[in-house]
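This note's numbering puts the first residue of the sequence shown at 300, with every later residue one more than the last.
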Amino acid sequence: MMDEKLGLYIHWPFCVSKCPYCDFNSHVRDPIDEEQWEKAYVRELDFLGSQTRGRKLVSVFLGGGTPSLMAPQTVGAILDRLSNYWTLDPSLEITLEANPNSAEQEKFRAFKSAGINRLSLGVQSLYDSSLKCLGRAHGRHEALRALSMARQTFERFSFDLIYARPQQSLREWREELQEALTYAGSHLSLYQLTLEKGTAFYTQAQAGRLQLPEEQMAGDFYEITQEIMEKAEMPAYEISNHARAGEESRHNLIYWRSQDYGALGPGAHGRVFEEGKRWSTKNFRTPERWLRSVQETGNGLEERVEVSRDEQMIEFLMMGLRLREGISLARFETLARQPFERIFPPEKLLPLITEKFLVKESDCLKATRRGQMCLNAVLSHLLS
Ligand SMILES: C[S@@+](CC[C@H](N)C(=O)[O-])C[C@H]1O[C@@H](n2cnc3c(N)ncnc32)[C@H](O)[C@@H]1O
Ligand code: SF4
Numbered sequence: 300m301m302d303e304k305l306g307l308y309i310h311w312p313f314c315v316s317k318c319p320y321c322d323f324n325s326h327v328r329d330p331i332d333e334e335q336w337e338k339a340y341v342r343e344l345d346f347l348g349s350q351t352r353g354r355k356l357v358s359v360f361l362g363g364g365t366p367s368l369m370a371p372q373t374v375g376a377i378l379d380r381l382s383n384y385w386t387l388d389p390s391l392e393i394t395l396e397a398n399p400n401s402a403e404q405e406k407f408r409a410f411k412s413a414g415i416n417r418l419s420l421g422v423q424s425l426y427d428s429s430l431k432c433l434g435r436a437h438g439r440h441e442a443l444r445a446l447s448m449a450r451q452t453f454e455r456f457s458f459d460l461i462y463a464r465p466q467q468s469l470r471e472w473r474e475e476l477q478e479a480l481t482y483a484g485s486h487l488s489l490y491q492l493t494l495e496k497g498t499a500f501y502t503q504a505q506a507g508r509l510q511l512p513e514e515q516m517a518g519d520f521y522e523i524t525q526e527i528m529e530k531a532e533m534p535a536y537e538i539s540n541h542a543r544a545g546e547e548s549r550h551n552l553i554y555w556r557s558q559d560y561g562a563l564g565p566g567a568h569g570r571v572f573e574e575g576k577r578w579s580t581k582n583f584r585t586p587e588r589w590l591r592s593v594q595e596t597g598n599g600l601e602e603r604v605e606v607s608r609d610e611q612m613i614e615f616l617m618m619g620l621r622l623r624e625g626i627s628l629a630r631f632e633t634l635a636r637q638p639f640e641r642i643f644p645p646e647k648l649l650p651l652i653t654e655k656f657l658v659k660e661s662d663c664l665k666a667t668r669r670g671q672m673c674l675n676a677v678l679s680h681l682l683s
């Protein structure tokens with residue numbers, strides 16, 4: 300499915316410290332020779348740009364790690380080159396993920412001058428005790444100050460909270476979320492804490508030293524979250540993402556709608572349609588390995604493989620059912636080159652519809668709220 304539109308993901312892999320729940324590609328390194336890093340990002344951008352020249356760039360997302368640790372000048376040097384290769388959409392969204400630490404707040408204005416027009420703040424909790432438990436480098440006071448600075452600086456900003464944390468009660472989460480809404484812009488990401496293999500939290504849970512809410516209670520957390528957010532007119536447009544109408548993250552929609560995005564930086568993944576094929580790219584994950592590769596070859600690619608039609612279909616389904624809008628059956632059939640019913644015959648689909656995990660409405664297949672709560676199980680039934 301060729302799509303002229305393109306998103307761009309840029310990964311900055313460094314953090315001040317490693318949070319015990321996080322399995323993102325993030326590393327603590329000090330000092331960083333930022334001039335060298337800037338050159339490498341620019342060089343890899345030139346490589347990607349020359350491969351995808353002329354397409355319409357609709358979003359850029361600087362994620363991490365902690366991109367707010369970057370010098371605004373590095374961000375500017377990267378953003379200034381975008382128009383060398385791509386047509387910039389008039390409503391190009393350029394998001395930067397920021398941590399609320401005070402040194403980073405001071406840079407918000409400079410990021411805006413460098414071209415950032417949307418900020419995504421990793422607040423995680425409004426309570427000091429929870430922030431401590433999550434191993435965060437900021438407290439409540441810094442979080443509130445960062446929120447106020449974000450509001451003053453950016454027309455569009457979002458923040459992240461993590462819920463279903465150790466020892467958190469439903470009542471506490473309700474109160475915290477209600478308070479959070481008083482600081483919110485038009486977008487909020489609300490993630491249920493997950494135990495990721497290889498993290499400190501995972502090891503502690505294995506040893507019985509950390510307990511998360513039982514599955515039933517995790518369901519209650521999810522329900523409460525949806526109720527509160529719907530009342531606040533910020534319904535979920537994706538399992539963990541809430542926005543006022545029209546304020547969805549354009550970048551994230553690219554992933555969930557299986558559109559094209561290029562990727563820069565250590566560990567970044569891309570999906571680009573070229574030469575009649577869809578390609579999956581994966582960069583070297585270790586920062587120093589990526590840097591060396593870019594310096595030697597002009598790109599940090601560890602792998603570039605064709606995505607088969609079957610893989611594209613599965614990905615389209617897995618990503619699309621995360622969205623409230625669901626998937627277009629017509630688009631699915633174009634991709635599959637056969638009718639939907641042939642791939643998912645009634646005996647496979649009907650039980651999921653009868654049990655209200657999925658709904659089929661004219662050209663759309665959607666997961667219900669109940670279906671989204673256990674989407675992995677729904678998908679494994681569909682794909683088995
Ligand atoms: C790339 S991460 C972090 C961005 C930024 N460095 C920060 O910490 O705020 C994006 C978001 O994923 C969420 N996240 C990371 N690990 C998680 C986990 N194990 N469970 C739930 N949410 C998680 C956090 O809310 C985080 O803000
Ligand atoms: S949650 Fe954010 S700050 Fe913490 S280690 Fe992960 S990327 Fe870094």
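Cβ coordinates follow ideal geometry from the N, Cα and C atoms, glycine included.
By the Cβ criterion, the region 375-395 is not in contact with the region 435-447, since fewer than three pairs of Cβ atoms, one from each stretch, lie closer than 8 Å. Every beta strand (DSSP E) of 3 residues or more that sits fully in the region 346-374 is shown, in chain order, as 355-363. Residue environment for D559: buried (at least 16 other C-beta atoms within 10 angstroms of its C-beta). Within the region 426-509, complete beta strand (DSSP E) segments of at least 3 residues are found at 455-462 and 486-491, given in chain order. Rounded to the nearest whole angstrom, the C-alpha separation of L600 and L682 is 30 Å.
Sorting A635, V658, R603 and R636 by C-alpha distance to the C-alpha of P645 places V658 at the top. Between P399 and L433, the C-beta spacing is not below 8 Å.
In this structure, DSSP gives A535 an extended state, which the three-state scheme calls strand. Distance from the C-beta of Y340 to the nearest heavy atom of ligand 1 is not below 7 Å. For D519, the uninterrupted alpha helix (DSSP H) segment begins and ends at E514 to K530. Distances taken from the Cβ of F500 to the heavy atoms of ligand 2 include none shorter than 7 Å. Using a cutoff of 7 Å, the CB of S325 counts as near ligand 2, since one of the ligand's heavy atoms is closer than that.
Using a 10 angstroms sphere on the CB of V677, the tally of other CB atoms reaches 16 or more, which defines it as buried. Closest in alpha carbon position to T394, among M617, E478, H550 and E640, is H550.
When rounded, the separation of the alpha-carbon atoms in E333 and A339 is 10 Å. Per DSSP, S679 is one residue of the alpha helix (DSSP H) stretching across L674 to L682. DSSP places I309 in the strand class (E or B) of the three-state scheme. Checking the DSSP bridge columns, you'll see H568 partnered with K581. Using a Cβ distance threshold of 8 Å, G363 and P312 count as a contacting pair. Residue pairing from DSSP places R417 in a beta bridge opposite T394 and R455. Judged by DSSP in its simplified three-state form, R603 adopts strand. With a threshold of 7 Å, the Cβ atom of N398 counts as near ligand 2, since some heavy atom of the ligand is closer than that.
Put simply, the region 421-428 touches the region 454-470. At least three CB pairs are less than 8 Å apart. Contact check for A463 against L492 passes: the beta carbons are separated by less than 8 Å. For F572, the closest alpha carbon among the candidates H326, T351 and D322 is that of T351.
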